[in-house]
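Chains A and B, in that order, give the protein sequences. Just so we're aligned, residue 0 is where the first sequence starts under numbering that gives the first Met the number 0, counting upward by one. Just so we're aligned, residue 0 is where the second sequence starts under numbering that gives the first Met the number 0, counting upward by one. To start, the structure under review is shown below, and the notes come after it.
2 protein chains.
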Amino acid sequence: MVSIKDVAKKAGVAASTVSKVLNNYPNVSAETRKKVNDAISELNFVPNAVASALSSKQAGRVAILMNQSSQTTSIDEVDMQYISGAILKARELGLDVITIFFSMFEDKSVDEISAYLRSQSITGIVIFGLSRENANIIKLINREEFKCVLVDAPLINKSTSCVWADQAKAQYDVANEVLKTDPVKSMLYISGKENGFVTAERLKGIKALCRDKDIALTAKCGDFSEKKAREITLECGKDYDMIACASDMMAIGAMMALKEEDIFRPVCGFDGITLMGYVSNRMTTVRQNFFEIASKAMEEAENLISGGLGREIHTDYEIVRLDYKDILR
Amino acid sequence: MVSIKDVAKKAGVAASTVSKVLNNYPNVSAETRKKVNDAISELNFVPNAVASALSSKQAGRVAILMNQSSQTTSIDEVDMQYISGAILKARELGLDVITIFFSMFEDKSVDEISAYLRSQSITGIVIFGLSRENANIIKLINREEFKCVLVDAPLINKSTSCVWADQAKAQYDVANEVLKTDPVKSMLYISGKENGFVTAERLKGIKALCRDKDIALTAKCGDFSEKKAREITLECGKDYDMIACASDMMAIGAMMALKEEDIFRPVCGFDGITLMGYVSNRMTTVRQNFFEIASKAMEEAENLISGGLGREIHTDYEIVRLDYKDILR
DNA sequence: TTGTAGGCGTTATCAT
DNA sequence: ATGATAACGCCTACAA
Numbered sequence: 000m001v002s003i004k005d006v007a008k009k010a011g012v013a014a015s016t017v018s019k020v021l022n023n024y025p026n027v028s029a030e031t032r033k034k035v036n037d038a039i040s041e042l043n044f045v046p047n048a049v050a051s052a053l054s055s056k057q058a059g060r061v062a063i064l065m066n067q068s069s070q071t072t073s074i075d076e077v078d079m080q081y082i083s084g085a086i087l088k089a090r091e092l093g094l095d096v097i098t099i100f101f102s103m104f105e106d107k108s109v110d111e112i113s114a115y116l117r118s119q120s121i122t123g124i125v126i127f128g129l130s131r132e133n134a135n136i137i138k139l140i141n142r143e144e145f146k147c148v149l150v151d152a153p154l155i156n157k158s159t160s161c162v163w164a165d166q167a168k169a170q171y172d173v174a175n176e177v178l179k180t181d182p183v184k185s186m187l188y189i190s191g192k193e194n195g196f197v198t199a200e201r202l203k204g205i206k207a208l209c210r211d212k213d214i215a216l217t218a219k220c221g222d223f224s225e226k227k228a229r230e231i232t233l234e235c236g237k238d239y240d241m242i243a244c245a246s247d248m249m250a251i252g253a254m255m256a257l258k259e260e261d262i263f264r265p266v267c268g269f270d271g272i273t274l275m276g277y278v279s280n281r282m283t284t285v286r287q288n289f290f291e292i293a294s295k296a297m298e299e300a301e302n303l304i305s306g307g308l309g310r311e312i313h314t315d316y317e318i319v320r321l322d323y324k325d326i327l328r
Numbered sequence: 000m001v002s003i004k005d006v007a008k009k010a011g012v013a014a015s016t017v018s019k020v021l022n023n024y025p026n027v028s029a030e031t032r033k034k035v036n037d038a039i040s041e042l043n044f045v046p047n048a049v050a051s052a053l054s055s056k057q058a059g060r061v062a063i064l065m066n067q068s069s070q071t072t073s074i075d076e077v078d079m080q081y082i083s084g085a086i087l088k089a090r091e092l093g094l095d096v097i098t099i100f101f102s103m104f105e106d107k108s109v110d111e112i113s114a115y116l117r118s119q120s121i122t123g124i125v126i127f128g129l130s131r132e133n134a135n136i137i138k139l140i141n142r143e144e145f146k147c148v149l150v151d152a153p154l155i156n157k158s159t160s161c162v163w164a165d166q167a168k169a170q171y172d173v174a175n176e177v178l179k180t181d182p183v184k185s186m187l188y189i190s191g192k193e194n195g196f197v198t199a200e201r202l203k204g205i206k207a208l209c210r211d212k213d214i215a216l217t218a219k220c221g222d223f224s225e226k227k228a229r230e231i232t233l234e235c236g237k238d239y240d241m242i243a244c245a246s247d248m249m250a251i252g253a254m255m256a257l258k259e260e261d262i263f264r265p266v267c268g269f270d271g272i273t274l275m276g277y278v279s280n281r282m283t284t285v286r287q288n289f290f291e292i293a294s295k296a297m298e299e300a301e302n303l304i305s306g307g308l309g310r311e312i313h314t315d316y317e318i319v320r321l322d323y324k325d326i327l328r
């Protein structure tokens with residue numbers, strides 16, 4: 000393995016000088032810098048990330064923490080984009096990344112989780128899909144021992160940032176889009192998990208809309224489950240002029256139920272997953288760019304690691320209708 | 000950070016002794032072992048993986064190499080299962096894992112790729128979805144510098160193993176399943192990428208079947224593209240009694256085209272992705288357990304790293320029909 | 001501006 | 001069976 004010493008020898012300087020060049024230290028003459036860089040490219044040298052991480056405790060390894068594959072097309076699509084966005088941005092920023100799943104920590108205490116992360120020299124964690132059930136993770140966040148960036152979970156402290164779209168506004172906007180084409184007097188809203196972080200926000204948005212537009216709103220809890228949304232719809236979907244769902248999967252469950260009963264009601268979802276295009280072309284949804292979101296989250300992780308303070312960052316979204324022709328490739 | 004030294008102090012032994020306990024060295028008395036283990040659990044100590052990797056060059060970090068999120072539901076579903084299976088098994092085996100994408104190496108030479116991997120102390124690579132276009136990766140594999148496990152790509156040498164299902168047999172079986180219920184005299188086969196690793200194998204299987212059953216076979220190249228499969232089907236799908244596709248996405252493209260023309264032909268795919276359940280309940284496919292496959296691949300990586308020789312490992316599959324009710328959760 | 005030396009946490013070698 | 005010591009490759013005061 001070609002090391003910093005080899006580069007130093009070839010460039011005729013000391014190893015520490017090479018290190019300085021690598022880390023963009025100020026006091027290095029242009030001449031030396033060039034000699035070193037030439038040696039580096041000649042030898043095809045890449046600094047050993049492991050040694051570097053060991054040496055400087057701040058070299059920043061970041062963990063991506065998320066739910067394990069659910070075998071549900073929708074979720075997997077979103078998660079893959081999260082992973083891609085986060086990893087690519089991390090590479091760009093020179094951060095080392097490891098991917099871990101909530102399931103790995105299921106039976107672990109906060110201390111154990113913390114010990115594990117430290118054992119991996121983790122300094123930052125980007126967390127996707129945190130729910131209130133992950134009690135230990137939340138405790139960990141509150142300890143402020145690691146720099147955390149939460150996607151879609153509004154916990155903020157000195158070393159914790161939150162990245163998400165304005166949930167209430169997005170929910171308002173997407174349902175409102177439907178109103179432009181369909182007359183609606185009564186609406187069924189199928190919400191997410193009872194005490195989920197986004198659930199309350201989205202509910203707030205739909206309530207505001209119904210108030211503004213004088214629509215009778217009935218909200219039922221769908222738990223983000225396609226099956227449950229389907230059941231609710233089979234049960235009472237026909238009693239309302241429109242069905243708004245807090246996720247695409249639930250929108251799909253509702254739409255499939257409506258189809259089965261051979262009745263039609265406009266349905267809107269939330270997320271913008273590809274699957275929507277296969278099921279019906281009548282569905283409006285909030286499309287979020289998950290790749291971009293993950294990318295921003297990783298950037299924020301780097302910001303926190305280099306001393307920034309926790310904050311809230313809003314991401315964009317757009318209201319779309321997904322047809323088969325849109326998603327076909 | 001609590002280190003091996005703290006444990007040593009608490010247990011009243013030398014640091015090197017603690018290390019011996021950690022790595023299950025033979026020559027440690029039961030008594031010392033207990034003292035050390037007690038200290039370890041009292042202090043909640045977890046060995047620093049980074050330092051360990053640096054010290055012993057054989058501590059085995061493994062890279063997962065795959066395609067970046069394609070924003071195609073199907074692929075993402077498969078990739079997420081690959082990632083989960085690989086990472087969880089690695090954790091079980093005590094291997095450190097980093098995830099990287101082909102796109103990161105696009106403009107890199109073999110030497111640069113190799114340097115990067117070494118810089119990450121990578122000793123093993125599990126590669127998913129390798130294609131002949133990844134010329135540099137293939138060169139890298141042939142150098143035998145790293146222990147490689149290829150999923151669905153039949154390259155084998157002393158330090159390279161291949162994990163895959165018997166492609167020809169699976170393709171034979173799935174199409175044959177259709178024959179049990181539908182009388183077929185002519186078949187349209189839409190194959191994968193021209194020079195893909197699995198394409199030839201699957202084609203072999205379908206040819207064997209048509210020979211055995213006396214069916215007129217027409218094979219066209221679909222490039223694994225849903226769109227292309229759709230176009231081919233629109234063009235000439237009606238001229239055949241059945242359409243067999245080398246992937247589910249192509250099967251879906253074909254089925255959507257048939258629906259559009261309002262004609263019916265049995266269609267079979269390959270992979271067993273969830274999306275199949277949303278599109279039609281008339282499709283037969285080969286279901287592979289990608290989680291399990293990745294898990295096996297990681298096990299094989301560990302085997303190669305500890306001195307095993309490259310070999311071919313066959314994985315299981317089953318022939319299924321995916322209905323909406325099967326996938327609904 | 002450059003080089004020297006000590007240390008990051010672990011493992012491996014060699015004494016004891 | 002156990003302990004001291006030297007790596008592993010890099011970073012960072014501090015000295016020159």
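All C-beta atoms in this analysis are idealised placements derived from N, C-alpha and C, irrespective of residue type, glycine included.
Buried or exposed, going by whether 16 or more other CB atoms sit within 10 Å of the CB of K4 of chain A? exposed
Beta strand (DSSP E) runs contained entirely in the region 52-127 of chain A, provided each spans 3 or more residues: 60-65, 95-100 and 121-127
How is D308 of chain B classed by DSSP in three states: helix, strand or coil? The sequence given here has Leu at residue 308 of chain B, not Asp. Looking at L308 of chain B - three-state DSSP - the assignment turns out to be coil, as it is neither helix nor strand.
For A243 of chain B, report the span of its alpha helix (DSSP H) as first-last. No alpha helix (DSSP H) contains A243 of chain B, which is instead part of the beta strand (DSSP E) from M241 to C244.
Starting from D110 of chain B, find everything on chain A with Cβ-Cβ shorter than 7 Å and list it in chain order. N43
Would you check if the distance between the CB atom of D240 of chain A and the CB atom of P182 of chain A is smaller than 9 Å? yes
Just the chain B side, please: which residues come within less than 9 Å of N47 of chain A by C-beta, in chain order? L53, R117, S118, Q119 and S120
Pick out whichever of A:A250, A:G306, A:F289 and A:G128 has its Cα sitting closest to the Cα of T314 of chain A. A:F289
Any idea what DSSP makes of M248 of chain A, helix, strand or coil? helix
9 Å Cβ cutoff, D322 of chain B in contact with chain A: no
State the start and end residues of the unbroken alpha helix (DSSP H) segment that holds L139 of chain B. A134 to R142
Which one of A:N156, A:E30, A:L149 and A:M297 has the shortest CA to CA distance from G59 of chain A? The option with the nearest alpha carbon to G59 of chain A is A:M297.
Please state if the CB of C244 of chain B and the CB of G221 of chain B are separated by a distance shorter than 9 Å. yes
Whole angstroms are fine: how far does the CA of A293 of chain B sit from the CA of D106 of chain B? 27 Å
May I ask you to report which of helix, strand or coil DSSP gives R329 of chain B? Because chain B here runs from 0 to 328, residue 329 of chain B falls outside it and cannot be looked at.
Can you look up Y323 of chain A in the DSSP assignment and give me helix, strand or coil? Assigned with DSSP and collapsed to three states, Y323 of chain A falls in helix.
Nearest chain A C-beta to V278 of chain B closer than 9 Å, yes or no? yes
Run through chain B and tell me which residues come within less than 9 Å of T98 of chain A, C-beta to C-beta. I63, I82, I86, V96, I97 and T98
Could you compute how far the alpha carbon of I63 of chain A sits from the alpha carbon of E91 of chain B? 18 Å
Would you say R60 of chain B lies against chain A (beta-carbon separation less than 9 Å)? yes
Do you know whose CA, among B:L274, B:G271 and B:C267, lies nearest R281 of chain B's CA? Comparing Cα positions, the closest option is B:C267.
Whose C-alpha, out of B:Q170, B:F100, B:I189 and B:M255, is nearest the C-alpha of Q287 of chain B? Ranking B:Q170, B:F100, B:I189 and B:M255 by Cα distance to Q287 of chain B puts B:Q170 first.
With a threshold of 6 Å on Cβ separation, who are the neighbours of C161 of chain B within its own chain once the five nearest residues in sequence on each side are excluded? L149, P153, I155 and E311
By how many angstroms is the C-alpha of R320 of chain B removed from the C-alpha of I304 of chain A? Rounded to the nearest angstrom, the two C-alpha atoms are 50 Å apart.
In the DSSP assignment, what residue or residues form a beta bridge with K33 of chain A? The partner list for K33 of chain A (beta bridge, DSSP) is empty, contrary to what the question assumes.
One or two residues paired with P216 of chain B in a DSSP bridge: In the sequence under discussion, the amino acid at residue 216 of chain B is Leu, which differs from the Pro named in the question. L216 of chain B pairs with B:M186.
Work out the CA separation of E317 of chain B and K179 of chain B for me, nearest whole Å. Whole-angstrom Cα-Cα distance: 16 Å.
Going by beta-carbon coordinates alone, are L53 of chain B and A50 of chain A separated by less than 9 Å? yes
So with Cβ pairs under 9 Å, would you call I205 of chain B a contact of chain A? Judged by the 9 Å Cβ criterion, I205 of chain B is not in contact with chain A.
Listed by chain order, chain A residues near M254 of chain B by CB distance under 8 Å: In chain order: nothing, as chain A lies at least about 10 Å away.
Over what stretch of residues does the beta strand (DSSP E) that includes V150 of chain A continue unbroken? K146 to V150
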